[in-house]
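Residue numbers (the working numbering): 9 to 435.
Below: one structure, written as structure tokens.
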């Protein structure tokens, strides 16, 4: 991978709150804040390094609790300016943490089961969180076009955020996405471009465009703005702990696409511990994949440290990244916390979507079916403790992936008479 050579503003011209620098996850090399994503020393991924040294725990807690009902309540812990909530953005986050007692009974969980339902975000997926972060970085670095490579949800989130903030948007998707996601990405008026191939092909094209004069002034949220974008996933960890009464969950099940969401949730939990906002105690993180695209699960089960790419073939297209950038780091997190990475078949995904809808009234997209299906599988295998507090993530709305449950429909068709009603066995 080539290191991007875009001119980088100096720290003095950029206000991104407590963000102090970019730090390489592999070698620790630090560089000033800017639109770069790969280390110039070792080509490792860059991530945000912070200065939280001035914070008092109780004052910080009060500040958070008095903040807006969005991810911006956590602005003191994010790479954003202090006045971020006053800027035109979609204000995602602070979604429901649903105590899923009916699902718990069905699965045999006694220690408390919760669904973090991110379908309540503005474009009905967790991607609004990460795009909101990237948008602030794009403003800081003077970009005029917001772009991305996407499996669907991200395209819609970028289109909506750009429209709200007055940016041009041009996003790239595989040509064969679910129609619901195509329509939702296109309706915001930006340019939507289908690429012949899968997500990995789309991502490679975007990386090439960044290095070309044609990409000048473009902020690719999940490429040259990736270090900032990825921090949005931490807000899931912050919200879950605050909604649990400022305590860590014992177990959390997270879907894996690139793997960034899982690793950043772990980063968020670690930050809360270091800041004294939650008690330091063990927790386990579990990753969930579809069998038809399970490179991380395959590596975990084989005991490997290297994640070998796969060609995706699954209905869970939002997770269909065959070469996940954060795959090795997911393995590290799962092993360090005592968790695991598991996968489920397409048939199990559909069954889990229906199970969650039937028990809790939550219609999840296919990624949510993956997490619920994997949760059930982990419980049956004895890897999840049913007596522990467990949180399962639903990252999107089932209305985007209607094809997955296309066989669902009318119970009966009757004449408008009571006799017909009784004859159908509905009385």
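The beta carbon of each residue, even a glycine, is placed where N, CA and C say it ideally should be.
Extent of the continuous beta strand (DSSP E) to which residue i belongs
{"i": "residue 176", "result": "176-182"}
{"i": "residue 202", "result": "199-203"}
{"i": "residue 186", "result": "Here residue 186 belongs to no beta strand (DSSP E), and DSSP marks it neither H nor E."}
{"i": "residue 55", "result": "54-58"}
CB-CB length for residue i against residue j, believed under 8 Å
{"i": "residue 420", "j": "residue 401", "result": "Their Cβ separation, rounded to whole angstroms, is 35 Å, which puts residue 420 and residue 401 out of contact at 8 Å."}
{"i": "residue 236", "j": "residue 141", "result": "5 Å"}
{"i": "residue 145", "j": "residue 53", "result": "Not a contact, Cβ separation roughly 16 Å."}
{"i": "residue 188", "j": "residue 410", "result": "6 Å"}
{"i": "residue 123", "j": "residue 138", "result": "The pair is not a contact, with the Cβ atoms about 20 Å apart (cut-off 8 Å)."}
{"i": "residue 341", "j": "residue 261", "result": "No, residue 341 and residue 261 are not in contact; Cβ-Cβ is about 13 Å, not under 8 Å."}
{"i": "residue 292", "j": "residue 353", "result": "That pair is no contact at about 24 Å."}
{"i": "residue 43", "j": "residue 233", "result": "6 Å"}
{"i": "residue 302", "j": "residue 351", "result": "4 Å"}
{"i": "residue 412", "j": "residue 361", "result": "6 Å"}
{"i": "residue 368", "j": "residue 110", "result": "6 Å"}
For residue i, the first and last residue of its enclosing alpha helix (DSSP H)
{"i": "residue 427", "result": "426-431"}
{"i": "residue 398", "result": "Looking at the DSSP string, residue 398 is not in any alpha helix (DSSP H); the run it does join, the beta strand (DSSP E), is 398-402."}
{"i": "residue 215", "result": "207-218"}
{"i": "residue 235", "result": "234-238"}
{"i": "residue 262", "result": "It is not in any alpha helix (DSSP H) - residue 262 instead sits in the beta strand (DSSP E) that spans 259-263."}
{"i": "residue 422", "result": "No alpha helix (DSSP H) contains residue 422, which DSSP labels as neither H nor E."}
{"i": "residue 244", "result": "242-251"}
{"i": "residue 65", "result": "65-73"}
Identified DSSP bridge partners for residue i
{"i": "residue 286", "result": "DSSP lists no partner for residue 286."}
{"i": "residue 153", "result": "176, 226"}
{"i": "residue 405", "result": "372"}
{"i": "residue 351", "result": "297"}
Any non-hydrogen atom of the ligand NAP within 6 Å of residue i CB
{"i": "residue 286", "result": "Looking for the ligand NAP in the displayed structure turns up nothing, as the structure carries no ligands at all."}
Residue nearest to residue i in terms of C-alpha spacing, selected from the options
{"i": "residue 78", "options": "57, 68, 104", "result": "104"}
{"i": "residue 294", "options": "378, 161, 424", "result": "378"}
{"i": "residue 63", "options": "198, 92, 83", "result": "83"}
{"i": "residue 100", "options": "192, 169, 158, 216", "result": "169"}
{"i": "residue 396", "options": "290, 37, 423", "result": "290"}
{"i": "residue 190", "options": "305, 41, 161", "result": "161"}
{"i": "residue 408", "options": "175, 165, 301", "result": "165"}
{"i": "residue 208", "options": "305, 328, 348", "result": "328"}
{"i": "residue 174", "options": "95, 195, 315", "result": "95"}
{"i": "residue 178", "options": "216, 223, 147", "result": "223"}
{"i": "residue 240", "options": "55, 385, 50, 193", "result": "55"}
{"i": "residue 153", "options": "218, 48, 338", "result": "218"}
{"i": "residue 337", "options": "393, 267, 156", "result": "267"}
{"i": "residue 194", "options": "426, 388, 151, 158", "result": "158"}
{"i": "residue 406", "options": "68, 364, 147, 50", "result": "364"}
{"i": "residue 357", "options": "269, 263, 368, 428", "result": "263"}
{"i": "residue 384", "options": "102, 121, 73, 75", "result": "121"}
Give, in chain order, every unbroken run of the beta strand (DSSP E) that is at least 3 residues long and sits entirely within the stretch 80-134.
-> 105-107, 121-125
Fully enclosed by the stretch 287-349, which beta strand (DSSP E) runs are 3 residues long or longer?
-> 292-298
Could you name each continuous alpha helix (DSSP H) segment of 4 residues or more that falls completely within the stretch 23-51, going from the start of the chain to the end?
-> none
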